[in-house]
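Structure first, then comments.
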Amino acid sequence: MENKELKYKSELTRATDYLAKNPKTLFLGQSVVYPGNSIFKTLENVPANQKIEMPVFEETQMGICIGLAIAGYIPVSIYPRFNFLLLAMNQVVNHLDKLPVITQGKVRPRVIVRTAIGSERPLYPGVQHSGDFTDAFKALRLQNVEIIRLDEPNQIFPAYKRAFERTDEKSTILVEFGDYYNEK
Numbered sequence: 051m052e053n054k055e056l057k058y059k060s061e062l063t064r065a066t067d068y069l070a071k072n073p074k075t076l077f078l079g080q081s082v083v084y085p086g087n088s089i090f091k092t093l094e095n096v097p098a099n100q101k102i103e104m105p106v107f108e109e110t111q112m113g114i115c116i117g118l119a120i121a122g123y124i125p126v127s128i129y130p131r132f133n134f135l136l137l138a139m140n141q142v143v144n145h146l147d148k149l150p151v152i153t154q155g156k157v158r159p160r161v162i163v164r165t166a167i168g169s170e171r172p173l174y175p176g177v178q179h180s181g182d183f184t185d186a187f188k189a190l191r192l193q194n195v196e197i198i199r200l201d202e203p204n205q206i207f208p209a210y211k212r213a214f215e216r217t218d219e220k221s222t223i224l225v226e227f228g229d230y231y232n233e234k
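Below is the structure:
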């Protein structure tokens, strides 16, 4: 991209398009195939056969993504709100992060987790949809999952590229800001 001013949403779309170039990349979550949240618009260029719409069962979604990663796919597990990712904490902490430890490095699932701090403008969605748990996740000191909060547009593409091209086989949780889709 030229040295133009980067925009938050367009950088998310660019990063998603980059991930989708690999046919082994699968995007799973709510509003992946059907509209319903801000993340949906950033997936418009992703081929239909790489998108899997999921019901609201966050822990199972993460388990499916771990299984897909073990099978050689690159799952992008999408949780439209950070609050929803809390429901998958068992899978994140006790499986995604610990499988490399439990198996002495033989099983190293690599999942890219995409979540967002819910937008508060123009309407406040309530406390169940606007939490930022970045610091709480970092306090868990996960060994095989990196948490990256995307505060500025120029952070987005490098963070997604790093998550995709990791050589250390760690998973990555990328935290977006819903308000920034239209503000930055």
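Quick note, our numbering runs 50 ahead of the 1-based positions in the sequence shown.
All C-beta atoms, glycine included, are put in the ideal place defined by N, C-alpha and C.
In this text the structure is predicted, and so the values were computed from the model without any measurement.
Could you check what DSSP says for residue i in three-state terms: helix, strand or coil?
i      : result
GLY79  : strand
VAL126 : strand
THR66  : helix
LEU200 : coil
PHE132 : helix
VAL163 : strand
VAL157 : coil
PHE183 : coil
Rounded to whole angstroms, what is the Cα-Cα separation between residue i and residue j?
i      : j      : result
GLU109 : GLY168 : 20 angstroms
TYR68  : HIS179 : 28 angstroms
SER60  : PRO73  : 22 angstroms
ALA98  : VAL83  : 7 angstroms
GLY86  : PRO130 : 9 angstroms
VAL96  : ALA70  : 6 angstroms
ALA138 : ILE114 : 11 angstroms
TYR230 : ASN133 : 18 angstroms
MET104 : GLN111 : 7 angstroms
PRO172 : GLU55  : 24 angstroms
VAL177 : THR184 : 16 angstroms
LYS234 : PHE90  : 18 angstroms
ASP218 : LYS156 : 13 angstroms
PRO175 : SER88  : 14 angstroms
Go through its chain and collect everything with a Cβ distance to residue i's Cβ below 6 angstroms, but skip five positions before and after it.
i      : result
GLU226 : ALA166 and LEU200
ILE198 : ALA209 and LEU224
THR222 : ILE162, GLU196 and ALA213
Going by alpha carbons, who is nearest to residue i out of the options?
i      : options                           : result
ASN140 : ALA121, GLY181 and PHE107         : PHE107
LEU135 : ARG191, LEU224 and ALA121         : LEU224
PHE214 : GLU202, ASP229, GLY228 and GLU196 : GLU196
ARG64  : ASN204, ILE120, LEU118 and LEU173 : ASN204
ASP182 : ALA119, PHE90, GLY228 and TYR58   : GLY228
For residue i, which residues of its own chain have a beta-carbon under 7 angstroms away from its beta-carbon, when the five flanking residues on both sides are left out?
i      : result
ILE116 : GLN141, HIS145, LEU146, PRO159 and VAL161
LEU93  : THR66, PHE77, VAL82 and LYS101
For residue i and chain C, any beta-carbon pair shorter than 7 angstroms?
i     : result
LEU69 : Of the protein chains in this structure there is only one, and it is not chain C.
Mind checking whether the beta-carbon of residue i lies closer than 6 angstroms to any heavy atom of the ligand NAD?
i     : result
LYS71 : Looking for the ligand NAD in the displayed structure turns up nothing, as the structure carries no ligands at all.
| contact_flag[the segment 118-131, the segment 70-88] where n(CB pairs < 8 angstroms) is 3 or more | yes
| query | Looking at C-beta atoms only, is the number of pairs between the segment 197-211 and the segment 139-152 that lie closer than 8 angstroms three or more? | reply | no
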